[in-house]
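Below is one structure; the comments refer to it alone.
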Amino acid sequence: MRIVGELINASRKKIRDDIKEKNAEVIAKVAQDQVDHGADFIDVNAGIFVGKEADYVKWLIRTVQGAVDVPCCIDTPDPKVLEEAVKEHKGTPMLNSISLETDRYNNMIPILRGTDMKVIALCMSDEGMPYTKDDRMKIADKLVNNLVKNDVKLENIFVDPLVQPIGSGDHFGREFLNTIEAIHNKYEGIHTICGLSNISYGIPKRKFANQTFMTMAITKGLDSAIMNPLDEGMMAKIIATETLLGKDPFCEKYMEAYREGKFETKKS
Ligand code: THG
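Take a look at the structure:
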């Protein structure tokens with residue numbers, strides 16, 4: 000599982016204040032903690048700062064890259080912000096995200112064309128949020144085909160079928176899971192990703208629900224997630240699930256996690 004650490008997001012009250020005060024030490028520590036716990040990318044999101052988003056995102060990228068060696072996942076719906084942020088980033092970032100919304104699509108393609116950046120293809124269009132697997136697949140097909148036509152490699156595309164709260168519709172878990180399966184059946188070598196914790200929005204025992212849903216999603220082929228790597232129970236379940244699915248030759252990672260005490264989580 001590729002892990003995108005989600006904690007540097009201005010929608011979180013504490014982080015919002017740290018960004019506003021340009022508290023570089025705190026941001027650097029949150030980046031480092033996430034990498035120490037297994038993050039392969041660090042998501043940076045300053046979306047709530049209207050008008051100042053580009054400045055803050057650039058500062059976040061500088062701060063994160065000054066502290067850790069993993070790339071950022073630049074999280075903004077605004078192509079102008081993304082364009083500036085990409086210039087600030089050393090090496091190849093992950094872009095979060097392109098969608099089929101006209102403005103966003105048209106302005107993001109030129110940023111991506113012919114580059115080796117990774118990109119999240121979010122299943123959203125001008126018609127709003129998808130409802131079923133078929134809605135999601137129609138959007139994913141168009142996005143994937145157009146990206147490939149624009150010289151983006153399949154292995155750099157991360158399809159996000161969009162997780163919606165189970166509390167807002169009984170079918171949302173199922174439709175998401177079936178989309179993950181359909182994407183991997185159709186496009187060999189592509190990746191899937193999601194902000195998994197959306198599933199439990201508004202219900203109690205969120206960690207428990209998130210961990211259960213993660214196991215289900217990995218079974219369908221989910222290979223990347225935007226999540227909190229400091230959630231030890233979640234990290235332990237990801238390792239166990241992948242081992243039990245035969246993705247861990249000779250149970251090596253499982254045994255290593257056991258020896259490192261990763262299965263002795265206090266509370267999940
Ligand atoms: N897909 C893609 N990108 C995304 C999302 C997605 N980026 C944003 C989001 N969804 C994933 N990131 C986060 C970051 C932080 C939190 C949740 C998702 C979070 N939320 C707590 C909550 O909701 O209760 C608490 C907020 C707080 O700490 O104040 O921490 O789906 N492509």
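For the sequence shown, position 116 matches number 115 in numbering that gives the first Met the number 0, and the numbering has no gaps at all. Backbone N, C-alpha and C define an ideal beta-carbon position, used for all residues, glycine too.
The secondary-structure analysis by DSSP pairs Asp-42 across a beta bridge with Cys-72. Residue nearest to Leu-244 within the set Gly-37, Tyr-257 and Ile-217 is Ile-217 (criterion: CA-CA distance). Put simply, of Leu-81, Asn-105 and Val-34 the residue whose alpha carbon is nearest the alpha carbon of Pro-92 is Leu-81.
The count of Cβ pairs closer than 8 Å, one atom from the region 209-216 and one from the region 168-181, reaches three, so the stretches are in contact. Between Arg-1 and Asp-42, the CB-CB gap reaches or exceeds 8 Å. For Ile-73 against Asn-95, the beta-carbon gap comes to about 6 Å, under 8 Å, which counts as contact. Boundaries of the alpha helix (DSSP H) around Phe-175: 171-185. Within 7 Å of the C-beta of Ser-196 there is at least one heavy atom belonging to the ligand THG.
Taking the CA atoms as reference points, Asp-169 sits about 11 Å from Tyr-130. Annotation: Arg-103 to Gly-90 spans about 23 Å, alpha carbon to alpha carbon. Between the region 106-124 and the region 147-154, the count of Cβ pairs shorter than 8 Å is three or higher; the stretches touch.
Counting C-beta atoms within 10 angstroms of its own C-beta, Glu-154 has fewer than 16 neighbours from the protein chains shown and is therefore classed as exposed. Within the chosen limit of 7 Å, the ligand THG reaches the beta carbon of Ile-119 through at least one heavy atom.
DSSP, read as helix, strand or coil, puts Ile-202 in coil.
Across the set Lys-51, Cys-71, Glu-52 and Ser-10, the C-alpha of Cys-71 shows the shortest separation from the C-alpha of Ile-60. Counting C-beta pairs with one atom in each stretch, the region 118-127 and the region 155-167 have three or more that are closer than 8 Å, which means they touch.
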